[in-house]
Amino acid sequence: GAGVSQSPSNKVTEKGKDVELRCDPISGHTALYWYRQSLGQGLEFLIYFQGNSAPDKSGLPSDRFSAERTGGSVSTLTIQRTQQEDSAVYLCASSRRALTASGREGIQYFGAGTRLSVL
Amino acid sequence: LAKTTQPISMDSYEGQEVNITCSHNNIATNDYITWYQQFPSQGPRFIIQGYKTKVTNEVASLFIPADRKSSTLSLPRVSLSDTAVYYCLVARGNNNDMRFGAGTRLTVKP
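Chains as they are written, first to last, in our numbering: chain W, 30 to 148; chain F, 1032 to 1141.
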């Protein structure tokens, strides 16, 4: 498809395990964003990439969270030693260019998310 | 520190016009105002974007006063399928400050 693809759609894991969440952005989009959304809450911004670089990682909630992007395309969000409070929907979005570019090119297109449940 | 302020929830009836206002007092010169809609179990999707004055597309209008410290999303003649959460996003000068806020939960009743 032409949209943002996230996998898996659902992930159930045990406390203390590591998980990897994958995001395939829209082809040609140079900017990629990760958000977290807890049940009934708004979107919590985690990190963004411009190309393969993440200029600022301070949005990541703890050092158990890391993200990388390779080839200017696929991104992986890794959560180590998962905790129950990590349970949420993790959303990925991409845009043609970074949000500071002209408005239309900064419009974000979201995937359906990965629902993570930590038991 | 929240960048945008919206009502937490709104109720409306089918066929009515709905206006949702977002306050963004600290908007910067180069910031755009973008509105997104989110249905349950889906990611947000783009509705409309503006910089100043009025913008209209096939689904909504966006009104932005001259001082740009607020914006109003207008949905004409809503239907049950417009029940969703609506977020306004104001981009800062750096991408590290993208906060959607809690959004406005719109419920359209028959």
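Yeah, the Cβ is synthetic: ideal placement off N, Cα and C, and Gly gets one too. None of these values were measured; they are calculated from a predicted model.
{"Item": "The region 41 to 58 of chain W touching the region 100 to 107 of chain W, judged by at least three CB pairs closer than 8 Å", "Value": "yes"}
{"Item": "8 Å Cβ cutoff met for W/Val118 and W/Thr143", "Value": "yes"}
{"Item": "Candidates W/Ser124, W/Phe94, W/Gly88 and W/Ala122: closest to W/Gln112 by CA position", "Value": "W/Phe94"}
{"Item": "Simplified DSSP assignment, three categories, for F/Gly1046", "Value": "coil"}
{"Item": "Rounded separation between F/Gly1124 and W/Ser146 - CA only", "Value": "Below a pLDDT of 50, predicted positions are generally treated as unreliable, and F/Gly1124, at 46, falls in that range; no measurement from the model is reported."}
{"Item": "Below-8 Å beta-carbon distance, F/Thr1084 vs any chain W residue", "Value": "no"}
{"Item": "Through-space distance from F/Pro1071 to F/Tyr1118, alpha-carbon basis", "Value": "14 Å"}
{"Item": "Residues near F/Thr1114 in its chain [Cβ-Cβ closer than 7 Å; skip 5 each side]", "Value": "Leu1137, Thr1138 and Val1139"}
{"Item": "Span separating the alpha-carbon of F/Leu1093 from that of F/Asn1057", "Value": "19 Å"}
{"Item": "Start-end ranges of the beta strand (DSSP E) lying completely within the region 1076 to 1112 of chain F, minimum 3 residues", "Value": "1076 to 1081, 1084 to 1087, 1092 to 1095 and 1101 to 1106"}
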